[in-house]
Amino acid sequence: DSGVTQTPKHLITATGQRVTLRCSPRSGDLSVYWYQQSLDQGLQFLIQYYNGEERAKGNILERFSAQQFPDLHSELNLSSLELGDSALYFCASSVAEKARQYFGPGTRLTVT
Amino acid sequence: QKEVEQDPGPLSVPEGAIVSLNCTYSNSAFQYFMWYRQYSRKGPELLMYTYSSGNKEDGRFTAQVDKSSKYISLFIRDSQPSDSATYLCAMSALGDTDKLIFGTGTRLQVFP
Chain B
7 DSGVTQTPKH LITATGQRVT LRCSPRSGDL SVYWYQQSLD QGLQFLIQYY NGEERAKGNI
67 LERFSAQQFP DLHSELNLSS LELGDSALYF CASSVAEKAR QYFGPGTRLT VT
Chain W
138 QKEVEQDPGP LSVPEGAIVS LNCTYSNSAF QYFMWYRQYS RKGPELLMYT YSSGNKEDGR
198 FTAQVDKSSK YISLFIRDSQ PSDSATYLCA MSALGDTDKL IFGTGTRLQV FP
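Here the protein sequences line up with chains B and W, keeping their order.
Under the numbering used here, the first residue of the first sequence carries the number 7, and numbering increases by one thereafter.
Under the numbering used here, the first residue of the second sequence carries the number 138, and numbering increases by one thereafter.
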């Protein structure tokens, strides 16, 4: 158990809908990262927050957004969902920048 | 060409064998190198973390980094059936982003 928690574990929704994925980092970790894992693209970096501020963006679609709250938990919002958004979404956390990243168990999103 | 290349396998070995897993990369800015283990439908688990070149050993696992050849390896000694998983290499560069660039993963099967 990495200490990173993610909810929900599974999510099934229809095209065009909006969902919110939640992540709680390990105790003491200030940095949160979101990754998407699909069969054809592998693990892809989406976005990073550090102590509430956005630090880096990867290949994140404009339909996706995220934020990190004062208690350091983070939410990833996915809107106007398409079939191709079906994937595993992982959150990772680290104590500081350039430190080891520890991954949560993931949220499996299925868009039908 | 992908920044990080990894043979997807599958690699099938008998219990007790020495396993060698490898990744090559093209970006000379990569300075941090990691190996993650991922069991089916679970989050990636950090196994090894190295900075720059050299070797690092932890129990049955040894990580090697050869920056001159842009080549990293993970060796598993006395492999066990419980080592059966997908092994992902990951890298990040010095600079203002912590994003990890992952290989596609090598699926390892250790049979009794």
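For every residue, glycine included, the Cβ atom is placed at its ideal position computed from N, Cα and C.
{"Check": "Which residues DSSP lists as bridging isoleucine 213 of chain W, in chain order", "Outcome": "W/Val156, W/Phe198"}
{"Check": "Rounded C-alpha distance that separates glutamine 42 of chain B from isoleucine 238 of chain W", "Outcome": "12 Å"}
{"Check": "Residue-level contact to chain W via CB, serine 37 of chain B, 8 Å cutoff", "Outcome": "yes"}
{"Check": "Glycine 90 of chain B (DSSP reduced to helix, strand or coil)", "Outcome": "helix"}
{"Check": "Interface partners of proline 111 of chain B on chain W, CB under 8 Å", "Outcome": "Lys179, Gly180"}
{"Check": "Alpha-carbon spacing of leucine 115 of chain B relative to arginine 178 of chain W, whole angstroms", "Outcome": "12 Å"}
{"Check": "Closer than 8 Å to chain B by CB, leucine 225 of chain W", "Outcome": "yes"}
{"Check": "Cβ-based burial, glycine 240 of chain W [other Cβ within 10 Å; buried from 16]", "Outcome": "buried"}
{"Check": "Best match in B/His79, B/Arg69, B/Leu52 for proximity to glycine 58 of chain B [C-alpha to C-alpha]", "Outcome": "B/His79"}
{"Check": "Neighbour list for lysine 193 of chain W in chain B, Cβ cutoff strictly below 9 Å", "Outcome": "Near lysine 193 of chain W there are no residues of chain B at all, since even the closest Cβ is about 13 Å away, more than 9 Å."}
{"Check": "Environment of leucine 231 of chain W [buried if 16+ CB atoms lie within 10 Å]", "Outcome": "exposed"}
{"Check": "Whole-Å CB distance - serine 161 of chain W paired with lysine 207 of chain W, under 8 Å assumed", "Outcome": "The question names serine, but residue 161 of chain W is threonine in the sequence shown. Their Cβ separation, rounded to whole angstroms, is 6 Å, which keeps threonine 161 of chain W and lysine 207 of chain W in contact under 8 Å."}
{"Check": "C-beta neighbour in chain B for alanine 186 of chain W, strict 8 Å", "Outcome": "The sequence given here has tyrosine at residue 186 of chain W, not alanine. Taking Cβ atoms only, chain B reaches closer than 8 Å to tyrosine 186 of chain W, which makes this a yes."}
{"Check": "beta-carbon alanine 93 of chain B near the ligand COA non-hydrogen atom, thresh 7 Å", "Outcome": "Ligands are entirely absent from the displayed structure, and the ligand COA is therefore not among its contents."}
{"Check": "Spatial distance of phenylalanine 167 of chain W from glutamine 107 of chain B (CA atoms)", "Outcome": "16 Å"}
{"Check": "Reference leucine 225 of chain W; option with closest CA among W/Ser163, W/Gly153, W/Ser190, W/Ile209", "Outcome": "W/Ile209"}
{"Check": "Closer than 8 Å to chain B by CB, threonine 241 of chain W", "Outcome": "yes"}
{"Check": "Option in W/Asp195, W/Ser229, W/Thr223 with minimal Cα separation from tryptophan 149 of chain W", "Outcome": "Inspection of the sequence shows that residue 149 of chain W is occupied by serine rather than by tryptophan. Checked all of W/Asp195, W/Ser229, W/Thr223; the closest Cα to serine 149 of chain W is W/Thr223."}
{"Check": "Opening and closing residue of the beta strand (DSSP E) in which glutamate 60 of chain B lies", "Outcome": "59–63"}
{"Check": "Backbone CA spacing between aspartate 203 of chain W and serine 157 of chain W [nearest angstrom]", "Outcome": "15 Å"}
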